[in-house]
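Visitor: Heads up: the sequence shown begins at 1102 in the numbering used here, then just goes up one per residue.
A virtual CB, placed ideally from N, CA and C, is assigned to each residue, including glycine.
Have a look at the structure that comes next, please.
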Amino acid sequence: IQKKSLSTQEKDAADELQRQMKEAGFDEVRIDKLGNVIGRIGDGKKIIAIDGHIDTVDMGNLDNWDFDPLGGEVKDGFVHGRGSVDQKGGPVAAVTAGKILKELGLTNNITLYVTGTVMEEDCDGLCWKYLVEEENLKPDAVIITEPTNLNIYRGHRGRMEMNAEFFGVSSHGSAPERGKNAIYMASKAALEIEKLHERLDTDQFLGKGSITVTEFVSNSPSLCAVSDYAKIHMDRRLTWGEDRELALSQVNEIIKDMNAKAFLLDYKTKAYTGFEYGMEKYYPTWKLEEDHPLVQKGVGVYKQLFDADPKVDKWTFSTNGVTINGYYNIPTIGFGPGNEVLAHAPNEKVPIEHLVKTSAFYALFALTY
């Protein structure tokens, strides 16, 4: 927590996680070209990965915090600070699980990877696109350590970022009828997008798809001229059965009679290592069915450890699962410390009890997989 690590600025946190893995006795620890920390224990045929991103959002208005967001204070049964829940607690709990496994000895033909991944807050899943396509890491199962409040999660809605651009013709503001006002076009489209939101499908488990306009930009030759350009930015959340083709076609239907175009955005930037990498800003919906063997394995481990039935649920927000399962169809579940309602919020803190219990869960899962 004391190592500030905004997206593309994770070097100090990565170095610290690498140090902790080496201290825990991992068989191999390295940092890849993108900056992900990769720790390995064992060399069996069955491959499990436990993933957690090490970047965080910024602190926001410090007046809203009751304590130093970078202090890492341990008090009253909690670890306090930015990233304690979202989500440095998860990777550290996974390292502790690795230490337990090294002490007990992995005897069940397992290779365990713990990945401390980067740039998730800026571009969900980009790190795992790199791990799969460039590092050839293709586990049989993945546990995501994002906060689940000690519940077992099996999916979440996808999302995508779109723009629509509108092209008008400028004229003098004293004679607007001579021009074509791009602001009016974009405004009409925005109102239709509001109506589109109400018509979107609902999935019984994941919930409703959504779309909203989050930015409106326009331009004109002067404040005394008709606007010849406007742009709207849309945040689209995708429920089960929705994909980028459907989402784009819905917007294109709205703007088909306008001089306009809609398109999916791209993300490409330099990691803290200096390496540039990117992907489309399309993050697919994913879920496993409740009777999937991996979900049931998680349920079984939970019952064995805690003598209780876990709640099986979903995240509200997005995770690296969009690529791990959404793109590459690798079976994935979530189990992590902390309550997701504190993610990106002031006064973020994680219960120490959660860190202990998640470490035990990860270790027993690997021992019995």
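How big is the Cα-Cα spacing for Gln1110 and Val1186?
Guide: Here residue 1110 refers to the residue found at position 9 when the sequence shown is read from its first residue. Here residue 1186 refers to the residue found at position 85 when the sequence shown is read from its first residue. Rounded to the nearest angstrom, the two C-alpha atoms are 19 angstroms apart.
Visitor: Buried or exposed for Arg1300, going by 16 or more other Cβ atoms inside 10 Å?
Guide: Position 199 of the sequence shown, counting from 1, holds the residue named residue 1300. Exposed, since its Cβ has fewer than 16 Cβ neighbours within 10 Å.
Visitor: Cα-Cα, which of Asp1128, Gly1172, Ser1321 and Tyr1378 is closest to Trp1229?
Guide: Numbered from its first residue, the sequence shown carries residue 1229 at position 128. Measuring from the Cα of Trp1229, the nearest candidate turns out to be Tyr1378.
Visitor: Exposed or buried, Thr1303, counting other C-beta atoms within 10 Å across all chains shown (16 or more means buried)?
Guide: Position 202 of the sequence shown, counted from the first residue, corresponds to residue 1303. Looking at its Cβ environment, which holds fewer than 16 other Cβ atoms inside 10 Å, Thr1303 is exposed.
Visitor: Is the Cβ-Cβ distance between Glu1235 and Ala1361 less than 9 angstroms?
Guide: Counting from 1 along the sequence shown, the entry for residue 1235 is found at position 134. Counting from 1 along the sequence shown, the entry for residue 1361 is found at position 260. Not a contact, by the Cβ cut-off of 9 angstroms.
Visitor: In the DSSP output, which residue or residues are listed as bridge partners for Pro1529?
Guide: Here the chain has residues from 1102 to 1470 only, and residue 1529 is not among them.
Visitor: For Ile1155, verify whether its CB is less than 8 angstroms away from any heavy atom of the ligand ZN.
Guide: Among the components modelled here there is no ligand, and therefore nothing to report on the ligand ZN.
Visitor: According to the neighbour-count rule (16 or more other Cβ atoms, all chains shown, within 10 Å of its Cβ), is Ala1409 buried or exposed?
Guide: One-based indexing of the sequence shown puts residue 1409 at position 308. Under this definition Ala1409 is an exposed residue.
Visitor: DSSP beta-bridge partners for Gly1379?
Guide: In the sequence shown, counting from the first residue as 1, residue 1379 sits at position 278. Lys1369, per the DSSP bridge assignment.
Visitor: Could you check which residue in Val1327, Ala1290 and Gln1119 has the C-alpha nearest to that of Val1314?
Guide: As a position in the sequence shown, residue 1314 is number 213, starting the count at 1. Among Val1327, Ala1290 and Gln1119, the Cα nearest to that of Val1314 is on Ala1290.
Visitor: Check the C-beta distance from Ser1108 over to Asp1223 and give it rounded, since I have them as a contact under 8 angstroms.
Guide: Numbered from 1 along the sequence shown, position 7 holds the residue referred to as residue 1108. Numbered from 1 along the sequence shown, position 122 holds the residue referred to as residue 1223. At roughly 4 angstroms, the Cβ-Cβ gap stays under 8 angstroms, so Ser1108 and Asp1223 are in contact.
Visitor: Count the C-beta pairs between the segment 1333-1348 and the segment 1246-1262 that are closer than 8 angstroms, then say yes if the count reaches three, no if not.
Guide: Flag = yes, the segment 1333-1348 and the segment 1246-1262 touch.
Visitor: Report yes if the CB atom of Val1352 is closer than 9 angstroms to the CB atom of Tyr1384, and no otherwise.
Guide: Here the question's residue 1352 lines up with position 251 in the sequence shown. Here the question's residue 1384 lines up with position 283 in the sequence shown. Taking 9 angstroms as the Cβ cut-off, Val1352 and Tyr1384 do not qualify as a contacting pair.
Visitor: Which whole-angstrom value describes the C-beta separation of Ala1287 and Ala1331, a residue pair presumed to lie in contact below a C-beta threshold of 8 angstroms?
Guide: Within the sequence shown, numbered from 1, the residue matching residue 1287 stands at position 186. Within the sequence shown, numbered from 1, the residue matching residue 1331 stands at position 230. Sure, about 4 angstroms apart at Cβ, within 8 angstroms.
Visitor: Just to confirm, is the Cβ distance from Lys1146 to Thr1212 under 9 angstroms?
Guide: Within the sequence shown, the letter at position 45 stands for residue 1146. Within the sequence shown, the letter at position 111 stands for residue 1212. Remark: C-beta atoms of Lys1146 and Thr1212 approach each other more closely than 9 angstroms.
Visitor: Using the three-state DSSP reduction, which class does Thr1424 fall into: helix, strand or coil?
Guide: In the sequence shown, residue 1424 corresponds to position 323, counting from 1. Of the three classes helix, strand and coil, the one that applies to Thr1424 here is helix, per DSSP.
Visitor: For Gly1190, which three-state DSSP category applies?
Guide: Sequence index remark: in the sequence shown, residue 1190 carries index 89 (1-based). If DSSP states are grouped into helix, strand and coil, Gly1190 belongs with the helices.
Visitor: Which whole-angstrom value is the C-beta distance of Gln1188 and Pro1248, which I expect to be below 8 angstroms?
Guide: As a working mapping, residue 1188 is identified with position 87 in the sequence shown. As a working mapping, residue 1248 is identified with position 147 in the sequence shown. Confirmed, Cβ separation roughly 6 angstroms.
Visitor: From Glu1381 to Ile1142, what distance separates their C-alpha atoms?
Guide: Here residue 1381 corresponds to residue number 280 of the sequence shown, with the count starting at 1. Here residue 1142 corresponds to residue number 41 of the sequence shown, with the count starting at 1. So the alpha carbons of these two residues sit roughly 33 angstroms apart.
Visitor: Identify which residue in Val1457, Leu1389 and Leu1443 has its Cα closest to the Cα of Asn1426.
Guide: By one-based count along the sequence shown, residue 1426 stands at place 325. Of the candidates Val1457, Leu1389 and Leu1443, the one whose C-alpha sits nearest the C-alpha of Asn1426 is Leu1389.
Visitor: DSSP state of Val1219, grouped into three classes?
Guide: Here residue 1219 corresponds to residue number 118 of the sequence shown, with the count starting at 1. If DSSP states are grouped into helix, strand and coil, Val1219 belongs with coil.
Visitor: May I ask you to verify whether the segment 1159-1167 touches the segment 1447-1455, counting CB pairs closer than 8 angstroms and requiring at least 3?
Guide: Taking a cut-off of 8 angstroms for Cβ pairs, the segment 1159-1167 and the segment 1447-1455 touch, as three or more such pairs fall below it.
Visitor: With distances taken between CB atoms, is the gap from Gly1173 to Gln1119 smaller than 9 angstroms?
Guide: Within the sequence shown, numbered from 1, the residue matching residue 1173 stands at position 72. Within the sequence shown, numbered from 1, the residue matching residue 1119 stands at position 18. No, Cβ-Cβ distance for Gly1173 and Gln1119 is not below 9 angstroms.
Visitor: Do you know whose CA, among Ile1356, Ala1115, Glu1124 and Gly1439, lies nearest Ile1132's CA?
Guide: Locating residue 1132 in the sequence shown gives position 31, where the first residue counts as 1. Checking every option, the nearest Cα to that of Ile1132 belongs to Ala1115.
Visitor: Cα-Cα, which of Ile1453, Thr1469 and Phe1462 is closest to Val1180?
Guide: Locating residue 1180 in the sequence shown gives position 79, where the first residue counts as 1. When each option's Cα is compared against that of Val1180, the closest is Ile1453.
Visitor: Shortest alpha-carbon distance to Gly1401 belongs to which of Asn1252, Leu1135, Pro1192 and Ile1139?
Guide: Looking up residue 1401 in the sequence shown gives position 300. Selected option, being the one with the closest Cα: Asn1252.
Visitor: For Ala1276, is the classification buried or exposed, using 16 other Cβ atoms within 10 angstroms of its Cβ as the cut-off for buried?
Guide: Against the sequence shown, residue 1276 aligns to sequence position 175. Taking a 10 Å sphere around the C-beta of Ala1276, we find fewer than 16 other C-beta atoms and assign the residue as exposed.
Visitor: What's the C-alpha gap between Gly1161 and Arg1183?
Guide: Residue numbering aside, residue 1161 sits at position 60 when the sequence shown is read from its first letter. Residue numbering aside, residue 1183 sits at position 82 when the sequence shown is read from its first letter. In a straight line, the C-alpha of Gly1161 is about 10 angstroms away from that of Arg1183.
Visitor: Please return the same chain residues whose Cβ sits closer than 7 angstroms to the Cβ of His1298, not counting the five positions on each side in sequence.
Guide: Taking the sequence shown and counting its residues from 1, one reaches residue 1298 at position 197. These residues qualify, in order along the chain: Ser1311, Ile1312 and Thr1313.
Visitor: Might you give, ordered along the chain, the residues of its own chain that have their beta carbon closer than 6 angstroms to the beta carbon of Ala1198, omitting 5 neighbours on each side?
Guide: For this step, residue 1198 is matched to residue 97 along the sequence shown. Only Ser1460, Tyr1463 and Ala1464 meet the Cβ criterion.
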